[in-house]
Amino acid sequence: MTTLEAPVETRAGTFTPPPASRRPRWLKPSGRVFAIALLGLLFAFPLYWTVTMSFKPRPEWNPPGKVFWWPDNPTVENYTSLLGLKSEEGSVFATQRSRSALGPLKNSLIAASAGTALALIIGVFTAYGIARFRAGGRALPFQILQLRMFPPIAVIIPLLFMFIEIKIWNTLLGLIVLYGAVTFPFVVWLLRSFFQEVPREISEAAIVDGCTQWGAFFKAVLPQVKGGLAATALFVFVLNWSDFLIAKIMTQDDGITAPVYLQSLQGGASGNEYGLQAALAMLLILPPAIFGLAIQRYLVRGLTFGAIKR
Amino acid sequence: MRRLPDLGGRNEKTVARTLIAPGQLLMAFIILFPASIAIYIGFTSWSPTTGQDFWHAYNFWHWFDGYWEALTTQGFWVALGRTVWITAVAVGVEFLLGFALALLLLKTFRGRGLVTVFFLLPMMVVPAVSGFIFFMIFQLDGPLNEALSVLAPGNIQLEWLQDADIAIWSVITVDIWQWTPLMFLIFLSGLAALPEDQINQARILGASWLDQMRYLVFPMLKPIILIALIIRAIEAFKIFDAIALLTAGGPGEATTNVSIYIFDETFQAVRWGYASSVAILILIFVSVLGFWAIRPIEQAQEETLEELTGAELPPPTAAEQRVEEAIEAEARV
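Protein chains in written order, with the working numbering: chain R, 1302 to 1611; chain D, -17 to 315.
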C-alpha cells in the first residue's frame, strides 16, 4: 500500500488527503519494530534453548537454582553419545540406555520414506481420477478429507489387534502401510489441486496423437505436475517423519522410531536426559526444517488441503 | 479403416474406476475395517487381560453398557469439554496473533525474508519435539521461571506442569507456539493479494484504519479466515504428541483431552471394549461436526474448479454420438 501524503492538484481544485488514518500504535513504525522484535524473541526462544541445550555438558542441563543461558563449556558429547559413537564415561546413563539413537533414526527414515512412496503411488491415481474424470462423484474427495478429521487414536486400536493377528505389529512393514494410509488424503487433495491446473486439452491432444488414456497420463500429464509431485512428496515425508502416536502404539524395543525414542529418554532413573534429548530433537527438526523451507510456497496449500492456493 | 481416437465415452468410465480403485481399497482398510471391529468390540467388555482373543469378544457382550458408562460418567465428558476448550482458546489466540503478525510483516523492510523464515520455523518442528522443548522450558528451575524472576520482583517458582490450573495453559501455549506460524503464513499471502486500489481509495476518502479492516479487509479475507480456522480446529481437536511429552495428560487428569483419554483407557486401564465405545462416540461426534465444517472448503474448491475447468461437461452432441455408434458398429464387425 503506497501512501499519499502531499496535496494533489486536481482539476476540481487542490485535494489535501486526510492525515494518514490512525493506525493502532503497534502498527506505527517504531511500535512495529518493537512488536516484531518482541514476538520474534518469544517465538525464537524455544528453538534457541534447544540448540544451546544440545551443546551443554551434563552439569549445565538443568541444575537447581541456576540457569545457563549459554553453554559455558560447549561440547558435542551429547551428539556422539546419542549416536553411540562414544560412551559417556562414569555416567549412570551409559548402562541405563540400552540402544543408541541410530536404530530409531533409521527406522524413522525408512518408514517415513517408504510410507511417502506408498501414499504417493496410490494417491497419484486417485487424484488424477478425481481431477480429470470426477471419478467417484463429488462426494469422494470429501469422504477422503473426512478421514483426516478422525483422531487417529480412535481407529488405531482395532488396527492394533489386526496387526498383531496378521503378524505385522512392530515391523517396519506395518508402519509403512499405516503411514501410507494416513497421509493418503493429503496426497489426493494436494495432487488434485495440481492436476486441476493442467488443461485437459493436454491429455486429449496426447490421445489424438495415438496414446492410450494411460499413455496420456504418464507421458503428457504427469510431466506437467513434476514440481507439484516433488512438493507433495516432501510435504508428506515431513508429516510421516513427525508421527509419534502411530509408532508409539505400533512398535516397541528395536522397532521404535526416533520420536518414541525421544520420549523413552524422559524421566529415567537418572532423571531427564535433557542434553541428549535436545541433540535428538535437533536431528529430528533438521529434515522438516530444510524440506519445509524448500517447499515454503506450497506449505499453505498443503496444510489447507489445497483449498488456499497461494 | 482407421480407428477414430477414443476421446472418452465408455473407456473413460473404466479408466476412472481403475484409477480410484487402489485408493478406495486403502480407505476401506484404514477406516471401514477398523471401524467395524471397533463397533463390535465396543458392545463388549472384552480386553486382552481376559485371556481370550478378540474373535471371542462376544463372550463379553453387554450391548450399550460401554456407551452408557461413557455418557453417564464424568471422565469422558470432562475430557471432551477440555478438548473443546483447548481447541477454542488455542485456535482463537493463533488467529489473533497470526493476523497481527501478518499485518506487522506485510510491508517490506530490510531483512523481512529472514524474519519471516524465523516465524515459520516452529510450524516445521515435529510435534512431539515441541512438547519436549516446552517440557524443558517449563521446568521449575527452567528458563521461564528464571526470566520471570528477573522481570518481576521476587523469586518466581510457578509450577507450569505440576499445577493442575496452570498445566492446561502450558499445553495451549505449545499449540500456539507451533501453529501461529501457519495462520501467519495464510494471512500474509491473503493480505498481500488484496486489491490495493480499493483500500487506498477508502483511506483517501477518510476511512479510519478500523473501518478499513472492518468493511474491506475482513469481508474480502472471510473465506480464507474460515478455512484457516476450520483446518486448525480439526488438528487442535486431535492433539496427542505434544501433550504426551509435556504432561502425559497430568497432573492427575488436568490436561487429558480425548486422544489422551482413549490412550489411557487402552493402555493404562486396559479396557479395550470401553475404549472402543468411546472411540466410536468420538467418530460420530467428529463426523457430525465435520459435515458442517467441510462445506467452506468444499465451496472454495468448487469455485476454483469452475474457474479452471469451466462448468460441468456438456452432454455429447449428436455428431459425437454418431461417431461413437460408428465405432461400436465397426467393433462388432
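C-beta: ideal position from N, C-alpha, C; glycine also.
Next on the checklist: Strictly under 9 Å for the Cβ-Cβ distance: is Tyr1429 of chain R near chain D by that measure?
Outcome noted: yes
Item to check | Burial state of Ala174 of chain D, where buried means 16 or more other Cβ atoms lie within 10 Å | outcome: exposed
Checklist entry - Which residues in the same chain as Ala1532 of chain R place their Cβ atom closer than 7 Å to its Cβ, once the five residues preceding and following it in sequence are excluded? => result Ile1596, Tyr1599
Checklist entry - Does the Cβ-Cβ distance between Ile1591 of chain R and Val1601 of chain R come in under 9 Å? => result no
Next on the checklist: Short of 8 Å Cβ to Cβ, which residues in the segment 1523 to 1535 of chain R face chain D?
Outcome noted: none
Checklist entry - Ordered along the chain, which non-local residues of its own chain (more than five positions away) have a Cβ less than 6 Å from that of Ile1547 of chain R? => result Leu1479
Checklist entry - Who are the Cβ neighbours of Gly1607 of chain R in its own chain at under 7 Å, not counting the five residues just before and after it? => result Trp1490, Leu1491, Arg1493, Ser1494
Checklist entry - When Cβ atoms are compared, which residues of the segment 234 to 258 of chain D fall closer than 7 Å to chain R? => result Val240, Ser241, Ile244, Phe245, Thr248, Trp254, Ala257, Ser258
Checklist entry - Along chain D, which residues have their Cβ under 7 Å away from the Cβ of Ser1543 of chain R? => result Val108, Pro109
Next on the checklist: Can you pull the chain D neighbours of Tyr1380 of chain R, defined as C-beta to C-beta under 9 Å?
Outcome noted: None at all; the shortest Cβ gap to chain D is about 16 Å.
Checklist entry - Less than 9 Å separating the beta-carbons of Gln1514 of chain R and Leu227 of chain D? => result no
Next on the checklist: Can you check whether the C-beta of Phe36 of chain D is within less than 9 Å of a C-beta belonging to chain R?
Outcome noted: yes
Next on the checklist: Taking the alpha helix (DSSP H) that Ala1548 of chain R belongs to, which residues open and close that run?
Outcome noted: 1546 to 1551
Checklist entry - Would the beta-carbon of Ile1458 of chain R fall within 9 Å of that of Ala20 of chain D? => result yes
Next on the checklist: Considering just the uninterrupted stretch of the alpha helix (DSSP H) at Pro1589 of chain R, what are its terminal residues?
Outcome noted: 1575 to 1595
Checklist entry - Should Gly1292 of chain R and Phe1485 of chain R be called a contact, given that it needs their Cβ atoms to be closer than 9 Å? => result Nothing in the structure corresponds to residue 1292 of chain R, since chain R is present only between 1302 and 1611.
Next on the checklist: Give me, in chain order, the residues of the same chain whose beta-carbon lies closer than 7 Å to that of Gln194 of chain D; leave out the 5 immediate sequence neighbours on both sides.
Outcome noted: Ile181, Ala184, Arg185
Next on the checklist: Tell me which residues share the same chain as Ile1477 of chain R and place their Cβ nearer than 7 Å to its Cβ, disregarding the 5 neighbours each side in the sequence.
Outcome noted: Ala1412, Ala1415, Gly1416, Leu1419
Checklist entry - Helix, strand or coil: which one does DSSP assign to Thr1315 of chain R? => result strand
Checklist entry - the segment 1354 to 1382 of chain R: which residues have C-beta closer than 8 Å to a C-beta of chain D, in chain order? => result Met1354, Asn1363, Pro1364, Pro1365, Gly1366, Lys1367, Val1368, Trp1370
Checklist entry - Mapping DSSP to helix, strand and coil, what is Trp43 of chain D? => result strand
Checklist entry - When the Cα of Ser1355 of chain R is compared with those of R:Leu1584, R:Leu1604, R:Leu1594, R:Pro1588, which residue comes out closest? => result R:Leu1584
Item to check | First through last residue of the alpha helix (DSSP H) which encompasses Arg196 of chain D | outcome: From DSSP, Arg196 of chain D is part of no alpha helix (DSSP H); its letter is neither H nor E.
Checklist entry - Who are the Cβ neighbours of Pro218 of chain D in its own chain at under 8 Å, not counting the five residues just before and after it? => result First, the residue type needs correcting, since residue 218 of chain D is Ala and not Pro in the sequence shown. Taken in chain order, the residues that qualify are Ile68, Thr69, Ala72, Val73, Asp157, Trp161.
Checklist entry - Quick one: what does DSSP say Thr1605 of chain R is sitting in, helix, strand or coil? => result coil
Checklist entry - When you compare each of D:Tyr40, D:Asp123, D:Gly172 to Ala210 of chain D by their alpha carbons, which one comes out closest? => result D:Gly172
Checklist entry - Of all the beta strand (DSSP E) runs that stay within the bounds of the segment 198 to 228 of chain D, which reach a length of 3 or more residues? => result none
Item to check | Per DSSP, cross-strand counterpart(s) of Thr26 of chain D | outcome: D:Trp43
Checklist entry - In three-state terms, what does DSSP make of Glu141 of chain D? => result coil
Checklist entry - Does the beta carbon of Arg1326 of chain R come closer than 9 Å to any beta carbon on chain D? => result no
Next on the checklist: On the CB-based measure, 16 or more other CB atoms within 10 Å of its CB, does Val260 of chain D come out buried or exposed?
Outcome noted: buried
Checklist entry - List, in order along the chain, the chain D residues whose C-beta lies closer than 7 Å to that of Thr1351 of chain R? => result Ile115
Checklist entry - Do Leu1581 of chain R and Tyr1562 of chain R have their C-beta atoms closer together than 9 Å? => result yes
Next on the checklist: Going residue by residue through the segment 1432 to 1484 of chain R, where are the continuous alpha helix (DSSP H) segments of at least 4 residues, counting only ones entirely within it?
Outcome noted: 1440 to 1450, 1453 to 1466
Checklist entry - Which ranges does the alpha helix (DSSP H) cover as unbroken runs of at least 4 residues, wholly within the segment 1482 to 1526 of chain R, from first to last along the chain? => result 1501 to 1509
Item to check | Inter-residue spacing [alpha-carbon to alpha-carbon] between Phe1462 of chain R and Gly1437 of chain R | outcome: 31 Å
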